[in-house]
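Engineer:
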Amino acid sequence: MVVELTVLGCSGSFNAPPAGPCSGYLVRHGNTSIWMDCGNGTFAHLQEHVSAEDLTAVVITHEHPDHCADVYGLHVLMRYGLERKGFPIYGPEGIDAHLGQLVDGGWGDTFDWHIIDDSSKTRVGDIGLRFSRTDHPPPTYAVEATADGKRLVYTADTGPDWTVDAFGKGADLVLSEATYLADGSKPDYPHLTAAEAGIAAREAAAHRLVLTHLWPGLDRRMAVAEGSEAFGEAVILAAPHLTCRV
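Numbering (the working numbering), first residue to last: 1 to 246.
(1) Identify, in the order they occur along the chain, each residue of the same chain with its Cβ nearer than 6 Å to the Cβ of G198, setting aside the five sequence neighbours on each side.
(2) Could you please give me the residues that DSSP links to M36 through a beta bridge?
(3) Please look up how many angstroms separate the CB atoms of V7 and A206, rounded, as I've assumed it's under 8 Å.
(4) Counting along the chain, where does the beta strand (DSSP E) carrying L175 start and finish?
(5) For A171, tell me which candidate among V143, T158, H191 has the shortest Cα-Cα distance.
(6) Just tell me which of G105, D96, P160, V153 has its CA closest to the CA of K169.
(7) Can you pull the DSSP bridge partners for C244?
(8) Apart from the five residues on each side of it in sequence, which residues of its chain come closer than 7 Å, Cβ to Cβ, to R202?
(9) Leaving aside the five residues before and after M78 along the sequence, list all residues of the same chain whose C-beta is less than 6 Å from its C-beta, in chain order.
(10) Could you tell me the alpha carbon to alpha carbon distance between T61 and T212, rounded to whole angstroms?
(11) Does the contact criterion of 3 or more C-beta pairs under 8 Å hold for the stretch 171–181 versus the stretch 214–221?
(12) Less than 8 Å between the C-beta atoms of A204 and V246, yes or no?
(13) Here's a check: name, in chain order, each residue in its chain whose Cβ is nearer than 6 Å to the Cβ of T42, leaving out the five neighbours to either side.
(14) Taking Cβ positions, are P92 and P139 nearer each other than 8 Å?
(15) Given a cut-off of 8 Å, decide if I95 and V58 are closer than it, judged by their beta-carbon atoms.
(16) Among the residues of its own chain, which have a CB less than 7 Å from the CB of R220, if the five just before and after it don't count?
(17) Can you tell which of R28, G73, S132, N15 has the C-alpha that lies nearest to the C-alpha of D148?
(18) In the DSSP output, what is G128 paired with across the bridge?
(19) When the Cα atoms are used, what is the spatial distance from W107 to A166?
(20) Helix, strand or coil for S185 per DSSP?
(21) What did DSSP end up calling T42 once you bin it into helix, strand or coil?
(22) Would the beta-carbon of I116 fall within 8 Å of that of Y80?
(23) Can you have a look at L102 and say buried or exposed, based on whether 16 or more other CB atoms are within 10 angstroms of its CB?
(24) Who are I236's beta bridge partners in DSSP?
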């Protein structure tokens, strides 16, 4: 049985065409559906692929809004629409309190928050999850999802001081941030260029590479060209509703 990755949104830092919503991805295997990062604008796209009733869990890699803002919409639906209690959310320490500051009356018992760190491993339904601290503030965690011998790695946000091979070599698919081009315009902030994403995936012997989190307005064809040259073969550019199977 395959593992499916569906892109819900892939715009870096703020919503903009053509990438649409910010970071959000749906990982499915068997009866398990995990919403991996719930950036602003991704909740609507999520519901085009899976109903909220059938969602198994949410993973939030870090507290930047472009990776977590739609948790508020999920909370409203779960609490008042579905009247669900104890829905599992995995995220860095303190994220429940940080995000909860904007929730009138608090989260209540709608969510069951699970803290992740650099050594965390867990199993959510049919999918195993492992986490690794990346090169990005505030504390940010890359995710490895495994099922039936297949491995998918999502870098979340990171700079070049963390690399994909933290999870070992040979991932079937790497979903990597690629915020900038190698044209000297990259600011002094920990994100990757498309070329850096390609190099890291190649050195980790990844089978396929999907580039995401491009800065709005970036030359997307150039990002693909730079990423492909560095990776050594053609890369895939993330787009809303794109589904990759591994």
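Backbone N, C-alpha and C fix where the C-beta goes; we use that ideal spot for every residue, glycine too.
Model, not experiment: these values are computed from the prediction.
Structural biologist: So, from the data block:
(1) Stepping through the sequence shown from its first residue, residue 198 is reached at position 198. The answer, listed in chain order, is G227, A230, F231.
(2) Your numbering for residue 36 matches position 36 in the sequence shown. DSSP output for M36 lists Y25, V59 as bridge partner(s).
(3) Within the sequence shown, the letter at position 7 stands for residue 7. Within the sequence shown, the letter at position 206 stands for residue 206. No, V7 and A206 are not in contact; Cβ-Cβ is about 17 Å, not under 8 Å.
(4) The count along the sequence shown starts at 1 and reaches residue 175 at position 175. Start and end: 173–177.
(5) Your numbering for residue 171 matches position 171 in the sequence shown. Nearest option by C-alpha distance: V143.
(6) As a first step, residue 169 is located in the sequence shown; it is residue number 169 there, counting from the start. Checked all of G105, D96, P160, V153; the closest Cα to K169 is V153.
(7) The count along the sequence shown starts at 1 and reaches residue 244 at position 244. C244 pairs with L5.
(8) By 1-based counting over the sequence shown, the position of residue 202 is 202. Taking R202 as the centre and dropping the five residues before and after it, the same chain places the C-beta of A230, F231, G232 closer than 7 Å to its C-beta, in chain order.
(9) Along the sequence shown, one-based indexing puts residue 78 at 78. Cβ neighbours of M78 beyond the five flanking positions: R84, F87, T110.
(10) Taking the sequence shown and counting its residues from 1, the one referred to as residue 61 is at position 61. Taking the sequence shown and counting its residues from 1, the one referred to as residue 212 is at position 212. Note on geometry: alpha-carbon atoms of T61 and T212 lie some 15 Å from one another.
(11) yes
(12) Along the sequence shown, read from residue 1 onward, the residue named residue 204 stands at position 204. Along the sequence shown, read from residue 1 onward, the residue named residue 246 stands at position 246. No, they are not a contact pair.
(13) Against the sequence shown, residue 42 aligns to sequence position 42. Answer for T42: L8, G9, P21, G24, D70, listed in chain order.
(14) Translated into positions along the sequence shown, residue 92 becomes position 92. Translated into positions along the sequence shown, residue 139 becomes position 139. Yes.
(15) Walking along the sequence shown from the start, residue 58 turns up at place 58. Walking along the sequence shown from the start, residue 95 turns up at place 95. Not closer than 8 Å, so no.
(16) Counting from 1 along the sequence shown, the entry for residue 220 is found at position 220. Cβ within range, chain order: L214, L237.
(17) Counting from 1 along the sequence shown, the entry for residue 148 is found at position 148. Per the Cα distances, R28.
(18) Mapped onto the sequence shown, residue 128 falls at position 128. Note: G128 sits in a beta bridge opposite R123, T146.
(19) For the purposes of this step, residue 107 is taken as the residue at position 107 of the sequence shown. For the purposes of this step, residue 166 is taken as the residue at position 166 of the sequence shown. Straight-line spacing of the CA atoms in W107 and A166 works out to 34 Å.
(20) The residue labelled residue 185 in the question sits at position 185 within the sequence shown. In the structure shown, S185 sits in coil (DSSP, three-state: anything other than H, G, I, E or B).
(21) In the sequence shown, the residue the question calls residue 42 occupies position 42. DSSP places T42 in helix when its eight states are reduced to three.
(22) Locating residue 116 in the sequence shown gives position 116, where the first residue counts as 1. Locating residue 80 in the sequence shown gives position 80, where the first residue counts as 1. No.
(23) If you number the sequence shown from 1, residue 102 lands on position 102. It is exposed - the Cβ of L102 has fewer than 16 other Cβ atoms within 10 Å.
(24) For the purposes of this step, residue 236 is taken as the residue at position 236 of the sequence shown. Per the DSSP secondary-structure output, I236 pairs in a beta bridge with V210.
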